[in-house]
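The structure appears right after this line, and notes come after that.
Protein chains: 2
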Amino acid sequence: MRRGGALERPVIAYETWGTLSRTRDNAVLIFTGLSPSAHACSSPADPAPGWWEEIVGPSRPIDTRRYFVICVNSLGSCFGSTGPASPDPETGEPYRLGFPVLTLEDVATGGAKLLDHLGIERLHTLVGPSMGGMTSLGFAVMYAGRARNMLLISCGARSLPFAIALRSLQREMIRRDPDWAGGSYAPGHGPVTGMQLARKLGMITYRSAQEWEQRFGRERIAEERQTGDPFALDFEIEAYLEAHAQKFTGQFDPNCYLYLSRASDLFDIAEHGGSVEAGLKRVRAERVVVIGVTSDFLFPLHQQRELAAGLRQGCANVVLHELPSIQGHDSFLVDMDRFRPLIREFFEAAG
Amino acid sequence: MRRGGALERPVIAYETWGTLSRTRDNAVLIFTGLSPSAHACSSPADPAPGWWEEIVGPSRPIDTRRYFVICVNSLGSCFGSTGPASPDPETGEPYRLGFPVLTLEDVATGGAKLLDHLGIERLHTLVGPSMGGMTSLGFAVMYAGRARNMLLISCGARSLPFAIALRSLQREMIRRDPDWAGGSYAPGHGPVTGMQLARKLGMITYRSAQEWEQRFGRERIAEERQTGDPFALDFEIEAYLEAHAQKFTGQFDPNCYLYLSRASDLFDIAEHGGSVEAGLKRVRAERVVVIGVTSDFLFPLHQQRELAAGLRQGCANVVLHELPSIQGHDSFLVDMDRFRPLIREFFEAAG
Numbered sequence: 595m596r597r598g599g600a601l602e603r604p605v606i607a608y609e610t611w612g613t614l615s616r617t618r619d620n621a622v623l624i625f626t627g628l629s630p631s632a633h634a635c636s637s638p639a640d641p642a643p644g645w646w647e648e649i650v651g652p653s654r655p656i657d658t659r660r661y662f663v664i665c666v667n668s669l670g671s672c673f674g675s676t677g678p679a680s681p682d683p684e685t686g687e688p689y690r691l692g693f694p695v696l697t698l699e700d701v702a703t704g705g706a707k708l709l710d711h712l713g714i715e716r717l718h719t720l721v722g723p724s725m726g727g728m729t730s731l732g733f734a735v736m737y738a739g740r741a742r743n744m745l746l747i748s749c750g751a752r753s754l755p756f757a758i759a760l761r762s763l764q765r766e767m768i769r770r771d772p773d774w775a776g777g778s779y780a781p782g783h784g785p786v787t788g789m790q791l792a793r794k795l796g797m798i799t800y801r802s803a804q805e806w807e808q809r810f811g812r813e814r815i816a817e818e819r820q821t822g823d824p825f826a827l828d829f830e831i832e833a834y835l836e837a838h839a840q841k842f843t844g845q846f847d848p849n850c851y852l853y854l855s856r857a858s859d860l861f862d863i864a865e866h867g868g869s870v871e872a873g874l875k876r877v878r879a880e881r882v883v884v885i886g887v888t889s890d891f892l893f894p895l896h897q898q899r900e901l902a903a904g905l906r907q908g909c910a911n912v913v914l915h916e917l918p919s920i921q922g923h924d925s926f927l928v929d930m931d932r933f934r935p936l937i938r939e940f941f942e943a944a945g
Numbered sequence: 595m596r597r598g599g600a601l602e603r604p605v606i607a608y609e610t611w612g613t614l615s616r617t618r619d620n621a622v623l624i625f626t627g628l629s630p631s632a633h634a635c636s637s638p639a640d641p642a643p644g645w646w647e648e649i650v651g652p653s654r655p656i657d658t659r660r661y662f663v664i665c666v667n668s669l670g671s672c673f674g675s676t677g678p679a680s681p682d683p684e685t686g687e688p689y690r691l692g693f694p695v696l697t698l699e700d701v702a703t704g705g706a707k708l709l710d711h712l713g714i715e716r717l718h719t720l721v722g723p724s725m726g727g728m729t730s731l732g733f734a735v736m737y738a739g740r741a742r743n744m745l746l747i748s749c750g751a752r753s754l755p756f757a758i759a760l761r762s763l764q765r766e767m768i769r770r771d772p773d774w775a776g777g778s779y780a781p782g783h784g785p786v787t788g789m790q791l792a793r794k795l796g797m798i799t800y801r802s803a804q805e806w807e808q809r810f811g812r813e814r815i816a817e818e819r820q821t822g823d824p825f826a827l828d829f830e831i832e833a834y835l836e837a838h839a840q841k842f843t844g845q846f847d848p849n850c851y852l853y854l855s856r857a858s859d860l861f862d863i864a865e866h867g868g869s870v871e872a873g874l875k876r877v878r879a880e881r882v883v884v885i886g887v888t889s890d891f892l893f894p895l896h897q898q899r900e901l902a903a904g905l906r907q908g909c910a911n912v913v914l915h916e917l918p919s920i921q922g923h924d925s926f927l928v929d930m931d932r933f934r935p936l937i938r939e940f941f942e943a944a945g
């Protein structure tokens, strides 16, 4: 592991769609954001809709008839890959806080090891939205030449203090929940309240004020749902956050969340070369598309501009798209009318 | 109280500076944001610096040699005015959640009653930053003709869902702290953790990403302050939030915080006339200055634009200033180089 420690025989969970070509030149690797699993798209083996169902699939923008698409569950996560919730082979007990410090470079290394295992030397395209975009940058500087093209979405060359503050507070909400118990909660139990609070703050940072103004305004919830408690749910926006928090409960292991959240804070491409500029200069790819969203305040537009400018040092063909979506950081998951054509166009141009 | 219930012999705490003129035409009333006391400025009786020390005082922009300046502690607060922490005369015990639902109109009424008590029929100027700005609007529609001039800073005609979401989450952090005990904590004790988390989220929403980028970047805290805990304070921004949260602890009563926070969510000038436009049309003042800040995401600039446009229906002289401060919602407390001259100019023009 980059910051010390080691994992014995770690597992990397992944899913694939499509067929690897004989020349092994059509592989597309997707690194995910903080919370998704490797299930980007439904398949005969798992017909449940994936987290990027409208983007990945036959005839979809990342066309699985044409590309061999791989999505990995990040090292440190809890959907099959080894993470703090996995048993430590030494003790048989979950690693919990005994898991070594996780960095996005470690997550990238997990992806590189998977490619070795699959016998893929060079990716057609490396795709990374959000945290996955930073992981992709880490991959590109550490494994030079392995990504022919790159598609970087709503990410940055490093985490800035505003995003760090928000994530640090989310982690504190979890750690301050008495049920966190220093990370030693029983599997499946744990800091439900802390996770719900953290998820609500997450939702607030993933969307935008403008979207909510249009969607909810000052609408109140139905009268029959109102209670006498003056601090219970009242506005629709409060009910919306509550519904999202409830849905998230039990889905994600709290310790895994802490590790991946902190890994995001730690990421800084400047660690690879001494400065952001020098780090980005090391990236070599034939074609890079960077997509940013005007209403994203977790990874604001100036970060994608910095990224595009820095990548132009070492890559001949870098295109930056600034999208006026109003759904904030989450736009790549919901504003399909804007993202679909751009991603389709990217792959058509990349050939 | 606007939403039902009544308070028996409530107290409104206030401070004054300067001298009321014989014609009683030089009174300036300040409604505060959510957390300050009435101590806007130091005085011989209380030499501690006030929360608006650089704005209020002799020769300062709100010149106490010229004006009789009054600052009230909001009804529902805990710095002398009656609020949820005050004893209910019926039981002798603190009101706690037995306090009636609080609105900013009730806070405004507290100010109006104080003016009656002081024998002031008409204010020279009503000044309201942040929550105090919404309170001032409530005052203006309910007590027509009592404010000759108005200075509204970093506020809006109503609370929008993004700000409601943030405040609702702050309240939930407090209510979910087991030490809140349904509001029945012993005086001076209570949900310290919840209050600290809420304060941290508050600080995040009061400042701006740009400011923190310039101020903190990715600076780490001194090595000697670092511990082995991978989730302890690491970045300077985390230490900054922690210091602010610690400072806030014990200063503000948690139940009072809940009531004032919720009062902010409830405010909507549309309740006075059927629409925002109709509500604002009722305001009559000779001169209104509205100040907004580009980096404020709690009360974004389009809210001050809406305010200025709406107030122009009933007020001949409305000026809107859009300041490029990078300190977000808190700019009126810290970006003195921009606020001092504007406020000085306002009072010079108002005569």
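So the sequences go chain by chain: A and B. Following my numbering, the numbering of the first sequence begins with 595 at its first residue and continues without gaps. Following my numbering, the numbering of the second sequence begins with 595 at its first residue and continues without gaps. Backbone N, C-alpha and C fix where the C-beta goes; we use that ideal spot for every residue, glycine too.
Secondary structure of residue 909 of chain B (DSSP, three-state): coil. Listed along the chain, the chain A residues whose CB falls inside 8 angstroms of the CB of residue 773 of chain B amount to none; the nearest CB is some 10 angstroms away. Close partners of residue 831 of chain A in chain B (Cβ separation under 7 angstroms): 755, 758, 759.
If you draw a straight line from the Cα of residue 696 of chain B to the Cα of residue 857 of chain B, it is about 6 angstroms long.
Look at residue 608 of chain B here: in three-state DSSP terms it is strand. When C-beta distances to chain A are compared with 9 angstroms, the residues of the stretch 860-876 of chain B below that value are 860, 862, 864, in chain order. A residue is called buried when at least 16 other Cβ atoms come within 10 angstroms of its Cβ; residue 607 of chain A meets this threshold and is buried. Ranked by Cα distance from residue 833 of chain B, the first of B:884, B:908, B:809 is B:809. Taking CB atoms only, residue 698 of chain A has no neighbour in chain B less than 7 angstroms away.
The stretch 830-909 of chain A is shown to contain whole beta strand (DSSP E) runs of 3 or more residues at 881-887, in chain order.
In the three-state scheme derived from DSSP, where H, G and I count as helix and E and B as strand, residue 723 of chain B is classed as strand. By the beta-carbon neighbour count (other beta carbons within 10 angstroms, threshold 16), residue 723 of chain A is buried.
Membership of residue 759 of chain A in the alpha helix (DSSP H) is indicated by the continuous run 755-770.
At a cut-off of 7 angstroms between C-beta atoms, residue 799 of chain A does not count as an interface residue with respect to chain B. Look at residue 762 of chain A: its C-beta is under 7 angstroms from a C-beta on chain B. 7 angstroms or more divides the Cβ of residue 764 of chain B from the Cβ of residue 803 of chain B.
Assignment of beta-bridge partners to residue 651 of chain B by DSSP yields B:657. Counting C-beta pairs closer than 8 angstroms gives fewer than three between the stretch 728-746 of chain A and the stretch 847-855 of chain A, which falls short of the contact rule. For residue 638 of chain B, the secondary structure class from DSSP, reduced to helix, strand or coil, is coil. In the three-state reduction of the DSSP assignment, residue 733 of chain A falls in the helix class. Within chain B, the residues 763, 766, 767, 770, 791 have their CB atoms less than 9 angstroms from the CB of residue 791 of chain A, given in chain order. Distance between residue 703 of chain A and residue 602 of chain A, taken at the CA atoms: about 14 angstroms. DSSP, read as helix, strand or coil, puts residue 718 of chain A in strand. Under a 10 Å Cβ-count criterion, residue 817 of chain B is classified as exposed, with fewer than 16 other Cβ atoms of the shown protein chains found around its own Cβ. It is roughly 18 angstroms from the alpha-carbon of residue 642 of chain B to the alpha-carbon of residue 928 of chain B. Interface with chain A (7 angstroms Cβ-Cβ cutoff): residue 803 of chain B is included. The beta carbon of residue 794 of chain A is closer than 6 angstroms to those of 835, 839 in its chain, skipping five residues each way along the sequence. The beta-carbon separation of residue 759 of chain A and residue 798 of chain B, rounded to 5 angstroms, stays under the 8 angstroms limit for a contact.
Not a single CB atom of chain A sits nearer than 7 angstroms to the CB of residue 836 of chain B. Residue 893 of chain B has a beta carbon lying at 7 angstroms or more from every beta carbon in chain A.
Excluding residues up to 5 positions away in sequence, 714 lie with their Cβ nearer than 6 angstroms to the Cβ of residue 618 of chain B in the same chain. Residue contact with chain A for residue 807 of chain B: present (Cβ-Cβ distance below 7 angstroms to some residue of chain A). In this structure, residue 700 of chain A and residue 669 of chain A form a Cβ contact; the two beta carbons are roughly 6 angstroms apart against a cut-off of 8 angstroms.
Interface with chain A (7 angstroms Cβ-Cβ cutoff): residue 794 of chain B is included. At a beta-carbon threshold of 7 angstroms, the residues of chain A lying near residue 852 of chain B are 825, ordered along the chain. The Cβ atoms of residue 846 of chain B and residue 753 of chain B lie no closer than 7 angstroms to each other.
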